[in-house]
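Presented below is the structure to which this report refers.
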Amino acid sequence: MYKLAFFVPVDDADSVKQAVFEAGAGRMGAYENVCFQTRGTGQFRPMEGAHPHIGAVGSLEKVDELKVEMMCDEAHIHGAIAALKLAHPYEEVAYDVWTLADL
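Numbers given in this note's numbering equal positions in the sequence shown, counted from 1, plus 10.
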């Protein structure tokens, strides 16, 4: 079992979560579409060669984002990450994957 966490602009969160859920993430027992989200501010400065969805090359940008966390089994983790990258508006998607112990 894995935990998948990613950062996404608030306005895009529902569509990105739905894509990842459809790929098999966010299931726990008899429940689906399970996640936890925390609101915060992301920041970045696009460098030369970037094609930012938000902001402009060379300018520091601060964005209202959600950190979304969900469980994902081994059979679906690669598909969930592929769905995340496809649905996410950023050209560089910030995400983490942790292996979880079953105690």
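We put the beta carbon where it would ideally sit given N, CA and C, even for glycine.
So is the beta-carbon of residue i under 6 Å away from any non-hydrogen atom of the ligand NAP?
i	result
Ile87	Among the ligands in the structure shown, none appear at all, so the ligand NAP cannot be discussed.
Are the CB atoms of residue j and residue i within a distance shorter than 7 Å?
i	j	result
Ala90	Val30	yes
Leu70	Ala23	no
Cys82	Ala111	no
Taking all protein chains shown into account, do 16 or more other C-beta atoms lie within 10 angstroms of the C-beta of residue i, making it buried, or fewer, making it exposed?
i	result
Glu42	exposed
His98	buried
Val20	exposed
Phe46	exposed
Ala92	exposed
Which residue or residues does DSSP assign as beta-bridge partners of residue i?
i	result
Arg49	Leu76
Leu14	Met80, Val107
Glu71	Phe54
Ala19	One detail in the question is off: residue 19 reads as Pro in this sequence, not Ala. Beta-bridge pairing links Pro19 to Glu75.
Tyr41	Met38
So, under 8 Å CB-CB, residue i and residue j are touching, yes? Tell me the CB distance rounded to an integer number of Å.
i	j	result
Thr51	Lys72	5 Å
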